[in-house]
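Below is one structure, written out as structure tokens, with a few remarks after it.
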Amino acid sequence: MQEILPPLPAPRGRYDGWTVARQEAFCAALAKGSTVQEACAIVGKSTTSAYKARDRIRGFSNRWNAGLEAAKPNIEAEVYRRAVEGWDEPVFHGGKQVGVRRRYSDALLKMLAQRGFTAPQTGCRPRMPIEEVERVLLRRLDRMGAKKSRDEEAAEAAARAAAAAEAERMRRAGLCP
Numbered sequence: 004m005q006e007i008l009p010p011l012p013a014p015r016g017r018y019d020g021w022t023v024a025r026q027e028a029f030c031a032a033l034a035k036g037s038t039v040q041e042a043c044a045i046v047g048k049s050t051t052s053a054y055k056a057r058d059r060i061r062g063f064s065n066r067w068n069a070g071l072e073a074a075k076p077n078i079e080a081e082v083y084r085r086a087v088e089g090w091d092e093p094v095f096h097g098g099k100q101v102g103v104r105r106r107y108s109d110a111l112l113k114m115l116a117q118r119g120f121t122a123p124q125t126g127c128r129p130r131m132p133i134e135e136v137e138r139v140l141l142r143r144l145d146r147m148g149a150k151k152s153r154d155e156e157a158a159e160a161a162a163r164a165a166a167a168a169e170a171e172r173m174r175r176a177g178l179c180p
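The opening residue of the sequence shown carries number 4 in my numbering; numbering runs sequentially from there.
Listed below in structure tokens is the structure:
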């Protein structure tokens, strides 16, 4: 691993250039998982100037790489979460949110499989015996089925009530006997 040099000012110092404080803020943003473009926006500089400064300012490249390395565990954990655990995506119909769909990234899962990636060790649950997993999944499926039945019954009842109200309105208007 390369030695991380202390921050140095740019060779041609400018008040709006890559000052030591700006370099540190940029590298800190990278370490938190920001992209180069996001880190540049945080410090108010362009990506072009960032890449030029990386090549020009002694030690900036090492600190830049250290920031990227520091972010790897967080990024890997997020990739794993999106691929395996998924995320909730709202479902809209007629301009209103009617539900939530669980989405997974097949592309990320494929990438993880190709690289032989295993689950992150921090915060993972211990493995359960397959019988326990089956029992938990069957219980969840039963609850989902019961909820779906209740939702369908409620929708049918609402439709019957709306039809009855419409029929009553038509009777009052003299449109039907």
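From the three backbone atoms N, C-alpha and C, an ideal C-beta is built for every residue, glycine too.
Keep in mind the model is a prediction, meaning the values are calculated, not measured.
Extent of the continuous beta strand (DSSP E) to which residue i belongs
| i | result |
| --- | --- |
| R118 | Unbroken run through R118: none, as it is neither H nor E. |
| D91 | W90 to H96 |
Residue range of the alpha helix (DSSP H) that includes residue i
| i | result |
| --- | --- |
| D145 | I133 to R175 |
| C30 | V23 to A34 |
| R66 | F63 to Y83 |
Inter-residue CB distance, residue i and residue j (contact presumed, cutoff 8 Å)
| i | j | result |
| --- | --- | --- |
| L115 | A161 | The pair is not a contact, with the Cβ atoms about 44 Å apart (cut-off 8 Å). |
| C43 | R66 | Between R66 and C43 the Cβ distance is about 15 Å, and since that is not below 8 Å, they are no contact. |
| S49 | R57 | With 8 Å as the limit, S49 and R57 do not qualify as a contact, their Cβ atoms being about 13 Å apart. |
Cβ-based burial, residue i [other Cβ within 10 Å; buried from 16]
| i | result |
| --- | --- |
| A170 | exposed |
| Q26 | buried |
| L33 | buried |
| A53 | buried |
Under the three-state DSSP convention, the category residue i falls into
| i | result |
| --- | --- |
| R105 | strand |
| K99 | strand |
| G20 | coil |
| K48 | coil |
Between the CA atoms of residue j and residue i - distance to the nearest angstrom
| i | j | result |
| --- | --- | --- |
| E92 | L178 | 45 Å |
| R153 | R146 | 11 Å |
| P132 | R138 | 10 Å |
| F95 | S108 | 21 Å |
| M4 | K99 | For M4, the predicted structure reports a pLDDT of 48, less than 50, and the residue's modelled location is therefore unreliable. A value from the coordinates is still provided. Spanning the two alpha carbons is a distance of roughly 53 Å. |
| A164 | A158 | 10 Å |
Residue i Cβ short of 6 Å to the ligand GTP heavy atom set
| i | result |
| --- | --- |
| I78 | Of ligands this structure carries none, so the ligand GTP is not represented either. |
Neighbour flag for residue i against chain B, beta carbons, 7 Å
| i | result |
| --- | --- |
| A164 | Of the protein chains in this structure there is only one, and it is not chain B. |
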